[in-house]
Every structure is written in structure tokens, then in C-alpha cells.
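K.L.:
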Amino acid sequence: MPLRYSIAQFKEVTFSIFNKWGESVFTSNNPNACWTGKLNSGVDLSEAVYFFIIKGTSICDQKINLSGTITLLR
């Protein structure tokens with residue numbers, strides 16, 4: 239399912255990605271950040287299904303909470 243929002247539409251955002259054990263593998267508060275399939279430390283992650291959570295406030299002051307899965311393929 240495609241996201242209906244662009245991260246750039248947020249004035250405040252927390253974008254987090256978790257592995258299948260619920261461990262955080264990536265977190266950013268930068269609305270222009272993108273996840274490249276690496277840990278925050280820069281180490282490549284293996285192919286798998288990851289869970290994401292995006293929480294923020296839109297430029298129109300609407301609270302937004304999105305979550306879902308991302309399949310990483312290399």
C-alpha cells in the first residue's frame with residue numbers, strides 16, 4: 239500500500255524502522271531523511287520484512303500516525 243503522505247509534508251516527524259524482533263534498526267527526526275536499508279551506524283541489513291512507524295505533525299497541524307511493513311530486497 240503506498241503512503242498517502244510525503245515525509246516532506248511533516249513539520250515534525252519521527253520515522254522508525256524495526257526488525258522482526260522489534261529492535262530499532264533506523265530512526266530519524268529529519269523530514270528529508272530516507273532509509274537506505276542500513277542500520278543507523280551504516281551497516282547493511284539483510285533481506286527481510288521490516289516494520290515502520292511514522293509519527294508526526296503535518297504542515298497543516300494534523301497529527302499523523304502511519305505504520306506498516308517494508309520488504310528489503312537486495
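The sequence shown runs 239 to 312 under the numbering used here.
Heads up, the beta-carbon is just placed ideally off N, CA and C, and yes, glycines get one too.
Could you tell me whether the Cβ atoms of Ile-255 and Trp-273 are closer together than 7 Å?
P.N.:
Yes, Cβ-Cβ distance for Ile-255 and Trp-273 is below 7 Å.
K.L.:
Given a cut-off of 7 Å on the beta-carbon distance, is the pair Gly-293 and Asn-303 in contact?
P.N.:
What sits at residue 293 in the sequence shown is Lys, not Gly. For Lys-293 and Asn-303, yes; Cβs fall inside 7 Å.
K.L.:
If you drop the 5 nearest sequence neighbours on each side, which residues of the same chain put their C-beta closer than 6 Å to that of Ile-308?
P.N.:
Result list for Ile-308: Tyr-288 and Phe-290, in chain order.
K.L.:
Which one of Cys-298, Val-263, Asn-268 and Ile-297 has the shortest CA to CA distance from Val-281?
P.N.:
Ranking Cys-298, Val-263, Asn-268 and Ile-297 by Cα distance to Val-281 puts Val-263 first.
K.L.:
Looking at the secondary structure, which residues open and close the beta strand (DSSP E) in which Asn-257 lies?
P.N.:
No beta strand (DSSP E) contains Asn-257, which DSSP labels as neither H nor E.
K.L.:
Determine which residues share a DSSP beta bridge with Asn-303 and list them.
P.N.:
BP columns for Asn-303 point to Lys-293.
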